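*Asks:* This is the structure I want to talk about, given as structure tokens.
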Amino acid sequence: MNAINEKALKPISKLLFRISAFLVGLMCIPISCDVVLRYAADKAIPGIIEIEEFLMVCIVFCAIPYLQARKEHIDIDILTKRLPNVAQVAVSNFGYLVLAILSGLMSWQLAGNAINKTNEVSFALGIPVSIFIAIAAIGSALVTLVFMADYGHSTSELLSHRRGPLVIGCFLAVVLVILFPLILHRFPWDFSPFTLGILGMLFLFVILFLKVPIGFAMALTGFLGMWALTGQSLGPLRMLGSAPYVETASFVMAAVPLFVLLGELALYSGLSQDLFASAYTWFGRLPGGLAMASVAGCAGFAAVCGDSLATAVTMGSIALPEMRKKRYDLSLATGAIAAGGTLGILIPPSLGFIFYALITEESIGKLFIAGILPGVLMAALFILCIYVVAKLRPGMAPAGEPTPFGDKIRSVRGILPMMGLFLLILGGMLLGLFSPTEGGAIGAVGASLYALVRRRMNRQVLLKALEETAVISCKLLVVVIGVGILGTFLASTRLPFLLAELVTSIQLSRYFIYAAILVLYVLLGCVMNVIAIILLTLPAIMPTVLALGFDPVWFGVVTVILMEMGQITPPIGIVVFAVSSVTSVPMETVFRGIVPFTVCMLICILLLTFFPEIALFLPRLLLG
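See below:
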């Protein structure tokens, strides 16, 4: 099996991944052209929505096998990485087999769906829909083979350590899991839909902490849950054959790869260096000026990136060498970078807000605008914190040399085009000139042109940006597929709505319940990706939030900040881990430096709680 994997599966998976990366770059061209034609010639490209939907299916399912081959799907390893090596292999052995069965069933049903829709064509272009469902089936079949190859490798490793009983035990555990709905209905147990919903969520969290990738874990739970709920396998199987295509063939969802591409192009075109250089000319002479410049650079980069990890890693690689030269205390330096990174998913455009909007059916543009003032507020609190620390303990962050005012003005010129692009995207969405998806495409094209004008674009830069976009987008959209399947199960159990009714019937202050939700999100943020948390929890929590009378836009801003707080706090601190890795500074040092910035984030949360207009003022002013 290993030989087949090395000689056939990996080369094929890599080829398909490169096709996926190429299609990512291709998809922004027709959208941008359509927007230009709409206002320049009052014309439109026929079937533009269908084109993008078909491209989305190809992008996701061409990349899935490669991501699994590289083990890059989003998962939780907080527990498994602490297990002995043999136990880790056994856990992986279980996961590979159960996911091989799941993806195999998915491929089988998608293939059947493609055959059934042979005569069905798209409305505008008349393209056979079955072609793209078949592409989804092929991608699922290939990832099944990758899972089987991984299962064979882990089995061989266990057998080489004379752990045959573990292999048998893992196999029997998989059989028990897959056949559990059938077993359930063979005994006189009468579980209510609510009880099955609770059991399903418990099962989900168990397999999540067994390092089963989040998207696949949710899909497995949804499939088994629907089987247990209905007592029939036919309906859940058909769901596996329809949901993966339906969830990815979405024009709205195309905003995800387009905004990711915008951020990647900004990253590889050197925009981050320009932002940091400009920020330093303004803040450099102050005590802690370099750390302040890092935060300001993170805020500026967040305006085109939309991701916290990318923001923190990028600024860390640029700012920390300069702070080392100036003999900055490493805890303060890295703490400022990690804290500044959290602005990446708060200041628009934000991937977190995009997914929040998709789950809650709120306006993406409204959420983007709602994040502006809180983002500025939090950046200001971080800068103030650095100034106070530097004044109290001058040795930690010495002041730099003063910069002539003329140099400050000239430093701004280099970032004006990109700031203009940022305003164009938000302004266009605000004025209704184009949708968020179209804004992402225009932003990506604009970032490319900016890089070309600044002579920072070449074949290698473009290829790297496209490949990273394909990886990130596919990881996120696999989770979306899982959410779609899990959501069907949860809706059928009515679990979210019953929990909302239960919570609202309890004679407790709504702010007590709000505080409990806040604590939950901070804890989840310690161990999970922000977007994964949004997709996993919001379908269950949102009915409660609405029942308690909280504004969903305001709640979106608050929860994003809370989840970001979790990502810089112990025991895990994903952003802290990333900063530590890129700067070679011990995690303990970074965690020590993050403490005052965590206090700043708590202050920001309190201000938003007592003064919700901080988040709601601009949306109400501009959108009514």
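Note that this note's numbering has the sequence shown beginning at 880, numbered continuously upward.
By construction, the Cβ of each residue, glycine as well, lies at the ideal position given by its N, Cα and C atoms.
It should be emphasised that the depicted structure is a prediction, and the values quoted were computed from it without experimental measurement.
#1: From I1062 to L1055, what does the alpha carbon distance come to, in whole angstroms?
#2: Report the three-state DSSP secondary structure of V829 (helix, strand or coil).
#3: Once you ignore the five residues that flank R1335 on each side, which residues in its own chain have a CB closer than 6 Å to its CB?
#4: Could you name the residues that DSSP lists as bridge partners for P1007?
#5: Under 7 Å, do V1464 and T1213 count as touching if we go by C-beta distance?
#6: Go to W1106, then tell me how far its alpha helix (DSSP H) extends in each direction, as first and last residue.
#7: Specify, as a first and last residue, the run of the alpha helix (DSSP H) that K1343 falls within.
#8: For the 8 Å Cβ check, are there 3 or more pairs between the segment 966-979 and the segment 1018-1038?
#9: Is A942 closer than 7 Å to F896 when the C-beta atoms are compared?
#10: Hey, V1324 and C907: beta-carbon distance below 7 Å or not?
#11: Out of S1071, V1131 and L1225, state which residue places its alpha-carbon closest to the alpha-carbon of C1483.
#12: Measure from the C-beta of G983 to each C-beta in chain D and report whether the shortest distance is under 7 Å.
#13: Output the distance between the C-alpha atoms of S1187 and R1041, rounded to the nearest integer angstrom.
#14: Could you tell me the distance, in whole angstroms, from the CA atom of E1347 to the CA atom of E1143?
#15: So is S1071 buried or exposed if we call it buried at 16+ other beta carbons inside 10 Å?
#16: Would you check if the segment 1080-1097 and the segment 1120-1134 touch, i.e. whether three or more CB-CB distances between them fall below 8 Å?
#17: How would you label S1388, buried or exposed, when you count the other beta carbons within 10 angstroms and need 16 or more for buried?
#18: Kindly give me the distance between the Cβ atoms of G1094 and V903, rounded to whole angstroms, as I take these residues to be in contact under 8 Å.
#19: Which of the three DSSP states is assigned to G1047 in this structure?
#20: Determine the extent of the alpha helix (DSSP H) in which G1306 is found, giving its start and end residues.
#21: Tell whether a beta-carbon distance below 7 Å holds between L1397 and L1441.
#22: Using beta-carbon positions only, say whether G820 and V1454 come within less than 7 Å of one another.
#23: For A1249, which residues in the same chain have their Cβ closer than 6 Å to its Cβ, ignoring the five residues on either side in sequence?
#24: Spatial neighbours of H1064 within its chain, please: CB distance less than 7 Å, with the 5 preceding and 5 following residues excluded, ordered by chain position.
#25: Compare the C-alpha of R1206 against each of C1177, M1194, A1170 and I955 and name the closest.
#26: Starting from the Cα of R1471, find the closest Cα among S899, L1211, G1076 and L1140 and give me that residue.
#27: Under 8 Å by Cβ, that's how I've got L1305 and G1101 pegged, so tell me the actual separation to the nearest angstrom.
#28: Between the segment 912-931 and the segment 1338-1354, are three or more C-beta pairs nearer than 8 Å?
#29: Once you ignore the five residues that flank F1162 on each side, which residues in its own chain have a CB closer than 6 Å to its CB?
#30: Please determine if the segment 1128-1140 and the segment 1315-1334 are in contact, where contact requires at least 3 C-beta pairs separated by less than 8 Å.
#31: Looking at the unbroken alpha helix (DSSP H) that takes in V1291, where does it start and where does it end?
#32: Within a Cβ cutoff of 8 Å, which residues of the same chain sit near F1050, ignoring the five residues on either side of it in sequence?
#33: Using a threshold of 7 Å, state whether the C-beta atoms of Y1266 and M1297 are closer than that.
*Replies:* Considering the structure as presented:
#1: Walking along the sequence shown from the start, residue 1062 turns up at place 183. Walking along the sequence shown from the start, residue 1055 turns up at place 176. Rounded to whole angstroms, I1062 to L1055 spans 9 Å at the Cα level.
#2: In the structure displayed, the chain extends from 880 to 1503; residue 829 sits before or after that span and is not available.
#3: In the sequence shown, the residue the question calls residue 1335 occupies position 456. S1148 and G1149, listed in sequence order.
#4: As a first step, residue 1007 must be located in the sequence shown, where it is residue number 128. V1000.
#5: Locating residue 1464 in the sequence shown gives position 585, where the first residue counts as 1. Locating residue 1213 in the sequence shown gives position 334, where the first residue counts as 1. It is a contact, given that the beta carbons lie within the stated cut-off.
#6: As a first step, residue 1106 must be located in the sequence shown, where it is residue number 227. I1093 to T1109 is the span of the alpha helix (DSSP H), which, as asked, contains W1106.
#7: On the sequence shown, position 464 is the one that residue 1343 refers to. Here the alpha helix (DSSP H) through K1343 covers R1338 to T1372.
#8: yes
#9: Here residue 896 is taken as the residue at index 17 of the sequence shown, counted from 1. Here residue 942 is taken as the residue at index 63 of the sequence shown, counted from 1. Yes. Within cutoff.
#10: As a first step, residue 1324 must be located in the sequence shown, where it is residue number 445. As a first step, residue 907 must be located in the sequence shown, where it is residue number 28. Less than 7 Å divides the Cβ of V1324 from the Cβ of C907.
#11: Along the sequence shown, one-based indexing puts residue 1483 at 604. If we check each option's Cα against that of C1483, L1225 comes out closest.
#12: No chain D appears in the structure shown, which is made up of a single protein chain.
#13: Working through the sequence shown from its first residue, we reach residue 1187 at position 308. Working through the sequence shown from its first residue, we reach residue 1041 at position 162. Linking S1187 to R1041 through their CA atoms gives a straight-line distance of about 44 Å.
#14: Within the sequence shown, numbered from 1, the residue matching residue 1347 stands at position 468. Within the sequence shown, numbered from 1, the residue matching residue 1143 stands at position 264. A straight-line Cα-Cα distance of about 7 Å links E1347 and E1143.
#15: Here residue 1071 corresponds to residue number 192 of the sequence shown, with the count starting at 1. Label assigned to S1071: exposed.
#16: Segments in contact, no.
#17: Sequence index remark: in the sequence shown, residue 1388 carries index 509 (1-based). When all chains shown are included, S1388 counts as exposed.
#18: As a first step, residue 1094 is located in the sequence shown; it is residue number 215 there, counting from the start. As a first step, residue 903 is located in the sequence shown; it is residue number 24 there, counting from the start. Taking C-beta atoms under 8 Å as the contact rule, G1094 and V903 fail to qualify, at a distance of about 19 Å.
#19: Against the sequence shown, residue 1047 aligns to sequence position 168. Here residue 1047 turns out to be Ile, not Gly, going by the sequence shown. Correct three-state label for I1047: helix.
#20: Within the sequence shown, numbered from 1, the residue matching residue 1306 stands at position 427. Note, G1306: alpha helix (DSSP H), L1295 to L1309.
#21: Counted from its first residue, the sequence shown places residue 1397 at position 518. Counted from its first residue, the sequence shown places residue 1441 at position 562. Against a cut-off of 7 Å, the Cβ pair of L1441 and L1397 comes out as a contact.
#22: Outside the shown range of the chain (880 to 1503) lies residue 820, about which nothing can therefore be said.
#23: To locate residue 1249, count along the sequence shown from 1; it is residue 370. V1432, V1436, A1494 and P1498.
#24: In the sequence shown, residue 1064 corresponds to position 185, counting from 1. Cβ contact annotation for H1064 (same chain, cutoff 7 Å, sequence separation greater than five): G1110, in chain order.
#25: As a working note, residue 1206 is residue 327 in the sequence shown. Here the closest residue by C-alpha is A1170.
#26: As a first step, residue 1471 must be located in the sequence shown, where it is residue number 592. Among S899, L1211, G1076 and L1140, the Cα nearest to that of R1471 belongs to L1211.
#27: Taking the first residue of the sequence shown as 1, we reach residue 1305 at position 426. Taking the first residue of the sequence shown as 1, we reach residue 1101 at position 222. Their Cβ separation, rounded to whole angstroms, is 36 Å, which puts L1305 and G1101 out of contact at 8 Å.
#28: no
#29: Here residue 1162 corresponds to residue number 283 of the sequence shown, with the count starting at 1. Excluding five sequence positions before and after F1162, the CB atoms of its chain that fall closer than 6 Å to its own CB belong to G1168, M1171 and A1172, given in chain order.
#30: yes
#31: The residue you call residue 1291 lines up with position 412 of the sequence shown. F1284 to R1292 is the span of the alpha helix (DSSP H), which, as asked, contains V1291.
#32: Counting from one through the sequence shown, the residue named residue 1050 turns up at place 171. Excluding sequence neighbours, F1050 sits near L976.
#33: Reading the sequence shown from its first residue, position 387 is the one you call residue 1266. Reading the sequence shown from its first residue, position 418 is the one you call residue 1297. No.
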